[in-house]
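Chemist: Numbering (this note's numbering), first residue to last: 38 to 354.
All C-beta atoms in this analysis are idealised placements derived from N, C-alpha and C, irrespective of residue type, glycine included.
(1) Taking only the alpha-carbon atoms, compute the straight-line gap between residue 155 and residue 201 and give it to the nearest angstrom.
(2) Taking only the alpha-carbon atoms, compute the straight-line gap between residue 99 and residue 294 and give it to the nearest angstrom.
(3) Can you tell me the Cα-Cα spacing of residue 118 and residue 81, whole angstroms?
(4) Taking residue 265 as part of the alpha helix (DSSP H), name the residues at either end of that continuous run.
(5) Do residue 124 and residue 195 have their C-beta atoms closer together than 8 Å?
(6) Give me the DSSP bridge partner(s) of residue 335.
(7) Round the Cβ separation of residue 142 and residue 136 to the nearest angstrom and send it over; I've been treating them as touching at under 8 Å.
(8) Considering only residues of the region 50-133, which uninterrupted beta strand (DSSP E) runs meet the minimum length of 3 residues and lie entirely inside it, listed in chain order?
(9) Assign residue 239 to one of three DSSP states: helix, strand, or coil.
(10) For residue 97, which residues from the same chain have a beta carbon less than 7 Å from its beta carbon, with the 5 sequence-adjacent residues on both sides left out?
(11) Could you pull the DSSP bridge partners for residue 173 from this structure?
(12) For my contact list, residue 148 and residue 107 are in at a C-beta cut-off of 8 Å; report their separation, rounded to the angstrom.
(13) Which runs of the alpha helix (DSSP H) spanning at least 4 residues fall entirely within the region 201-262, listed in chain order?
(14) Using a 10 Å radius around the Cβ and a threshold of 16 neighbouring Cβ atoms, would you call residue 301 buried or exposed?
(15) Run through DSSP, which three-state label would residue 178 get?
(16) So with Cβ pairs under 8 Å, would you call residue 211 a contact of chain D?
(17) Indicate whether residue 266 and residue 66 have their beta-carbon atoms separated by less than 8 Å.
(18) With a threshold of 7 Å on Cβ separation, who are the neighbours of residue 345 within its own chain once the five nearest residues in sequence on each side are excluded?
(19) Can you tell me whether DSSP reads residue 192 as helix, strand or coil?
(20) On the three-state DSSP scale, how would you describe residue 348?
(21) So the beta strand (DSSP E) residue 300 belongs to, where does it begin and stop?
(22) Looking at the strands, I want to know which residues DSSP matches up with residue 341.
(23) Taking buried to mean at least 16 other C-beta atoms within 10 Å of its own C-beta, is residue 180 buried or exposed?
Right, here's the structure in full:
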């Protein structure tokens, strides 16, 4: 009888240990990538833009700026480039509030607008360019206008040579062919799942769902996998520490990008402040975490639906 009791206790202990092991969430570590050569080329749209704007690469939104004033920046485009080839871009410039009230962008404003393509070789660790590698490749023409317009577009093409090739969303389904209402229900349900994960402080589960995005980020950003793994560990810990701070999932619309292969939710309305801090949330993700004292953090995701699959996957921010 004593042996039977001891055996029962041992089996129970083993089962509890096994269940605990199964319940423990683990996120696979990211893997190193073997590039085709030693080049670590970063391409960017080299711009001076007088006002709010949106920038697209092959129909993928890569940057939105709601702030007014003059913007001089290099918009990195590697995130939207899956392999070497020819690509198209589009920049939409919007009027300042005072110009919008007068009917749109003043023709004189376009004297300040400049759009070009540049590239450089990235430093081995961190962000920045290797010495003497920055190259301004070409400028794109800015056509004159003779009257105010509600917005102004600059379009162009260019060819790039990269040391990597990614699958990305290339094998995704064309979401434009789906019933819009059914697709939106599916996307909103996925966002609600993400909201619950973030609000519960489950950083490990968040990491598992963003695994493919992080793996490709290592590739196009030429990042060290150990460094990115450490960043994820810090992010997971941050999510855990900041549980129960998610703002309501609201004020959004569904947007389809990437020629039908990417989908996301974006905030609809402009805001002057959020949680005590000056922030314009227009176009941002509706996944919003409130700061402890003030301010917010946005969790942006772009999703795709792999062929022969019914499960959405996070592929970009």
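Modeler: Taking the structure as given:
(1) 19 Å
(2) 10 Å
(3) 11 Å
(4) 262-278
(5) yes
(6) 325
(7) 6 Å
(8) 78-87, 90-94, 97-102, 107-113 and 122-130
(9) coil
(10) 117, 294, 295 and 299
(11) 155
(12) In fact, because the Cβ distance is near 12 Å, the residues do not count as touching under 8 Å.
(13) 217-236, 240-246 and 248-257
(14) buried
(15) coil
(16) Checking the listed chains, one finds no chain D in this structure; it contains a single protein chain.
(17) yes
(18) none
(19) strand
(20) coil
(21) 299-304
(22) 350
(23) exposed
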